[in-house]
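2 protein chains.
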Amino acid sequence: MAERSREADIEAVYGHVADLTRRVTARSRRLSEPLTFVQHSLVRFIAATAGTRATDIAAAFQLNRSTVSRQVNELITLGLVRYLPHDDDEPGRGRVLELTAHGRAQLDRTAADQQRILTHRLSGWTDAQVAALAATLAHFNEGADD
Amino acid sequence: MAERSREADIEAVYGHVADLTRRVTARSRRLSEPLTFVQHSLVRFIAATAGTRATDIAAAFQLNRSTVSRQVNELITLGLVRYLPHDDDEPGRGRVLELTAHGRAQLDRTAADQQRILTHRLSGWTDAQVAALAATLAHFNEGADD
DNA sequence: GCCTACTGTTGCATAATGCAACAGAATCGT
DNA sequence: ACGATTCTGTTGCATTATGCAACAGTAGGC
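Protein chains in written order, with this note's numbering: chain A, 1 to 146; chain B, 1001 to 1146.
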């Protein structure tokens, strides 16, 4: 009995995750100001992870290096990120990326927009429910390297 | 204090949702057998919603009618769905879609694959945790028409 | 110093999507 | 009953995001 309930829950989880993915993807197509979903993701990752190289992003996002190469160069063209000058003392290959001041400003603006939208979406939720949502999603995302 | 914790939780929710969306999207590019993510979504919706027309799918998925038109026609070409014969007694415009037996079989197969993958992913979770995940995602998806 | 491996780039390609215009048909108003 | 309106689905043209394969440059290992 409990086992069948678990199966039903897992099936429901899949459906909800698919619906959520589709909705977020659809919304990201409509709302691409000031950063698109992809741009925001990269900029956020670079901001949060010191010493990021393009190949690190590719690994983290499960994207091809060519995809990230193009996306990073677009961010550079937009003035949002830059390659750090190569530090000869630094071991390893690859060039380290960092946000520019402009990139930081755009990230803050997009993040503020997203925060406002989500705050409104969750306005009927209690603090405990929001905390539970955050914790459950964090747990679900843990170690999720397919 | 509690208010600031709520803000931090909301910010975390956004990050987790973005990570989840990206990972599901990346995985859907890798795993497109027997149905792609898009195909699976449409077939699942048609199976679950009697009387579905292409325009209903467009509304539910927040896609352009042209996109759904092409996708539906591809499913028809693959023998997964078909238009019902037009019922003259039926009011309203548009043509109703239904799954073929082949479509039902492919849906069942993809659903079984997804169920197995997700069951494995959640193997370390208790029944209560899985139920909470399903309930929390359902709650989050409710009324989420951006 | 040469070979290997890593990183990033580029040409060519696919998938998914949207806009605008169009065509056909159902619905509505007179 | 007929014309106008509206809805639905299609199609041409386009963009965005992505991957594969091959390549070039360079760091690291032996």
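Glycine included, each C-beta is placed from N, C-alpha and C at the ideal position.
All values derive from a computational prediction rather than experimental measurement.
Along the beta strand (DSSP E) that carries A/L97, what are the first and last residues, could you check? L97 to L99
For the region 1055 to 1130 of chain B, list the alpha helix (DSSP H) runs that are entirely contained and at least 4 residues long, ordered along the chain. 1065 to 1077 and 1101 to 1121
Check whether B/V1081 and B/L1063 have beta carbons under 9 Å apart: no
Anyone know if the C-beta pair for A/L31 and B/F1140 falls short of 9 Å? no
Rounding to the nearest angstrom, what Cα-Cα distance links A/V68 and A/T49 in this structure? 16 Å
Contact set for B/F1045: own chain, Cβ-Cβ below 8 Å, skip 5 residues either direction: T1052, I1057, A1060 and F1061
Which residues, in chain order, does the region 1105 to 1118 of chain B contribute to contact with chain A at a C-beta distance below 7 Å? Q1114, Q1115 and L1118
Among A/I117, A/L84, A/H86 and A/L97, the one whose alpha carbon lies nearest that of A/Q71: A/L97
Do you know whose CA, among A/H40, A/S28, A/F37 and A/N73, lies nearest A/A54's CA? A/N73
Going by DSSP, which residues form a beta bridge with A/R53? A/V96
Residue-chain proximity (A/V43, chain B), Cβ-Cβ < 9 Å: no
Rounded C-beta distance between B/L1020 and A/I10? I'm assuming under 8 Å. B/L1020 to A/I10, Cβ: 16 Å. No contact.
Nearest-angstrom Cα separation, counted from B/T1110 out to A/S66: 30 Å
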